[in-house]
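Residue numbers (this note's numbering): 777 to 1588.
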């Protein structure tokens, strides 16, 4: 009987062994190849830097900075070894007794398969297997671990582990975690910080210091104790580390990151188009952008301040929410959107006693609203605008104590600044708050530029053969349209006309009647061609209203056009990149594509290499300077006079569209061009008197005050051959006995006034009504451009008062 039992038992044992063997063999079928880890290139974060090298953005599906084992400090390695696998350098990939202990513990506690994994097993699981907690996965993990140990040395396995493991807070690998938790490179981590990272593999979400600080510190201190036990640190080091506070830093929330958001998003869109999604989010590209952090913050501050001032002028609109009853603090946190930065906080009105209004914040702080703000809010006629008890508002702490009342502007705006010589975009603010709207109003918003387009018209006139001193009749002008209705453009001061005036005066004072008369006389086809050449419009309709800026364009295009004026007539293209490199450091793209064979040679006393200027010449340099000088006059004597307080040579042009729907200012210094646009996303009036000069120009001024603070007052550069002649500011002639004011004007050789010239050309007289049918068959005026070295002869001078023969369609 016993013999039979033994035989049956042996048979069953053998069958069991066969079954286990068969199970293991089947389990190992299709085991992934561990050899792929020899050339493993994990997804790596693409990092974007400003022009000064400071980090401004990261793009990643898995935020990772790959660091070789040799660059990982021993302190960091030891923290993870102490917490996860103290026998890592002794075992062969698996710890049988650890697996047994883990299995028994799991069975007794009724849990799924967990625990007992060495670092090598974790590498096998994380990089080659799934995370299901099953016996099958555990067997595969053990076999792969042994194979990894036979193929790679311990340092390589540890390197894979420390760069692959997820540590919470968007961090894959220790280098990304060090940045995301402490904003430090690995070699600057303290013992306590290294120990905290070593504590995270157990469960990153369970030890997030922002949510579970006490639990996180307890786990960190346990790792510190293990580091002492394993001989990695001394008792004294452990004592100091245990006392250290655990403070996590949100490193991508500083002013430069918030202010640069629209720039970064535009850059991301361009990179996505050029390099594709996988390279952008997994390729570990290094991007040196053109952004200047100082100018970006200055632009963002100037625009926000300008929008807030406008919004305050137009009244308080009311609270952002109300708390009726219940837990006030809880309701305060849930009832309104987070404020858009700038130190604003949410608060609830907790008491009202006459003009004294007390507000309470979610953190328990309280204080009174400034008296001016209470008066401002009480003057509102908006529905439900009253600051009664329970009203939720945005406030900002004041230096003098108490709080200032704030509201998010309903109006929007944008600003861009660029280098006019290279096209490098130095600052870009696409709206009041990127958190509220990611729409980039610099590059995406198509709006009417209004009078900021007039320099394009006047440049066409200069190329056409006129001079800044040519007289145009500033008088009523009417054209009969195809529908039989009269087109009758008015100057801003309706009914005010100055009579025969210089081209310069027309631009400085932004005279609509002069501009339309000029465009009509030249022909709108020349204005359309000029707009296309400057890339402000692809196909501008040859309609007279377009000469006053009725054709839609973007702020970026307008700023780029103005760059051509100040850079000597050269074409530039806006660029956001200086260089893009792959993860190995190979340059994929350079912003500066000029060839320089003499740049990379040994220096032996030779001078600086000459780099060819390959930029296309759009304008004759003298024409460009004439326009620059005229736009400087806009600031000195014209509609942009508010900017003169900067105290540096500046030029530019205001722009205001019909019904005050858009307010513009685009301008420049000798080495910086900037543009500002203000308006509502759904076009409507900004309000009577809200012009480019009163709304956009002050923002430009505030920006330039910061941008040029440490810059000497550099005059605009004179091109070779320009003739500077002092003339009568009113008549455009040489000064005479009746002259009351003079100006130094720029001319091309042969076009300057001489003593025997007593008259200048005038385009049409007051009150002319032109029937388009009468224009059929008339000879057009010459369209010769003045971009050649020898300019065309000026039109024949006639009497400025309009006496003499009037020639329809021509100068007289």
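Cβ coordinates follow ideal geometry from the N, Cα and C atoms, glycine included.
- Within its own chain, the residues whose Cβ lies closer than 7 angstroms to the Cβ of residue 1298, once the five positions on either side in sequence are excluded, are 1236, 1237, 1240 and 1557, listed in chain order.
- Beta-bridge pairing by DSSP links residue 1276 to 1249.
- Per the DSSP secondary-structure output, residue 1458 pairs with nothing in a beta bridge.
- Considered as a whole, the stretch 1392–1442 harbours 1397–1413 as its complete alpha helix (DSSP H) runs of no fewer than 4 residues, in chain order.
- Within the same chain, Cβ atoms closer than 7 angstroms to the Cβ of residue 1442 are found at 1228, 1334, 1335, 1338, 1428, 1429 and 1451, the five residues on either side in sequence being excluded.
- The continuous alpha helix (DSSP H) containing residue 1332 extends over residues 1331–1342.
- Residue state for residue 1368 is assigned as coil, using DSSP reduced to three classes.
- Contact holds between the stretch 1179–1193 and the stretch 1214–1229, because three or more Cβ pairs, one in each stretch, are under 8 angstroms apart.
- In the DSSP annotation of this structure, the continuous segment of the beta strand (DSSP E) that includes residue 1188 starts and ends at 1188–1194.
- Ranking 871, 942 and 945 by CA distance to the CA of residue 918 puts 871 first.
- DSSP places residue 973 in the uninterrupted alpha helix (DSSP H) bounded by 967–975.
- With respect to residue 1426, residue 1454 sits apart: the two C-beta atoms are not nearer than 7 angstroms.
- With 16 or more neighbouring CB atoms inside 10 Å of its own CB, residue 1307 falls in the buried class.
- Between the alpha carbons of residue 1400 and residue 1493 lies a distance of about 11 angstroms.
- Under the three-state reduction of DSSP output, residue 1453 falls in the strand class.
- About 6 angstroms separates the Cβ atoms of residue 1022 and residue 989, confirming a contact at the 8 angstroms cut-off.
- About 7 angstroms separates the beta carbons of residue 841 and residue 949, which is inside the 8 angstroms limit, making them a contact pair.
- Sequence-distant partners of residue 1528 (beyond 5 residues in either direction) whose C-beta falls short of 7 angstroms from its own C-beta, in its chain, are 1499 and 1501.
- A distance below 6 angstroms between beta-carbons, with the five flanking residues on each side excluded, links residue 1027 to the following residues of its chain, in chain order: 959.
- Taking the C-beta atoms as reference points, residue 1168 is found nearer than 7 angstroms to residue 1096.
- Within the DSSP secondary-structure output, residue 1504 pairs in a beta bridge with 1518.
- By DSSP's assignment, residue 1290 forms no beta bridge with any residue.
- Using a Cβ-Cβ distance cut-off of 8 angstroms, the stretch 965–979 and the stretch 854–862 are in contact, since at least three pairs of beta carbons, one from each stretch, lie closer than that value.
- A distance below 6 angstroms between beta-carbons, with the five flanking residues on each side excluded, links residue 953 to the following residues of its chain, in chain order: 943, 947 and 973.
- Counting the other CB atoms within 10 Å of its CB gives residue 1100 a total below 16, which places it among the exposed residues.
- The secondary-structure analysis by DSSP pairs residue 1059 across a beta bridge with 820.
- Rounded to the nearest whole angstrom, the CA to CA distance from residue 1504 to residue 1414 is 17 angstroms.
- With a threshold of 16 other beta carbon atoms within 10 Å, residue 1089 falls short and is exposed.
- Here residue 1418 has 1469, 1473, 1474 and 1477 as same chain residues with Cβ atoms under 7 angstroms from its own Cβ, once five neighbours each way along the sequence are excluded.
- For the set 1030, 1376, 1248 and 1296, the Cα lying nearest the Cα of residue 1387 is the one of 1376.
- In this chain, the beta strand (DSSP E) harbouring residue 1143 covers 1142–1144.
- With contacts defined by Cβ atoms closer than 7 angstroms, residue 1245 and residue 1508 form a contacting pair.
- Going by beta carbons, residue 1201 and residue 1048 fall outside the 7 angstroms limit.
- Residue 1226 is positioned such that its CB atom lies closer than 7 angstroms to that of residue 1431.
- Counted as a single uninterrupted DSSP element, the alpha helix (DSSP H) harbouring residue 1085 occupies residues 1069–1089.
- By the neighbour-count criterion, in which a residue is buried when 16 or more other Cβ atoms sit within 10 angstroms of its Cβ, residue 1315 is exposed.
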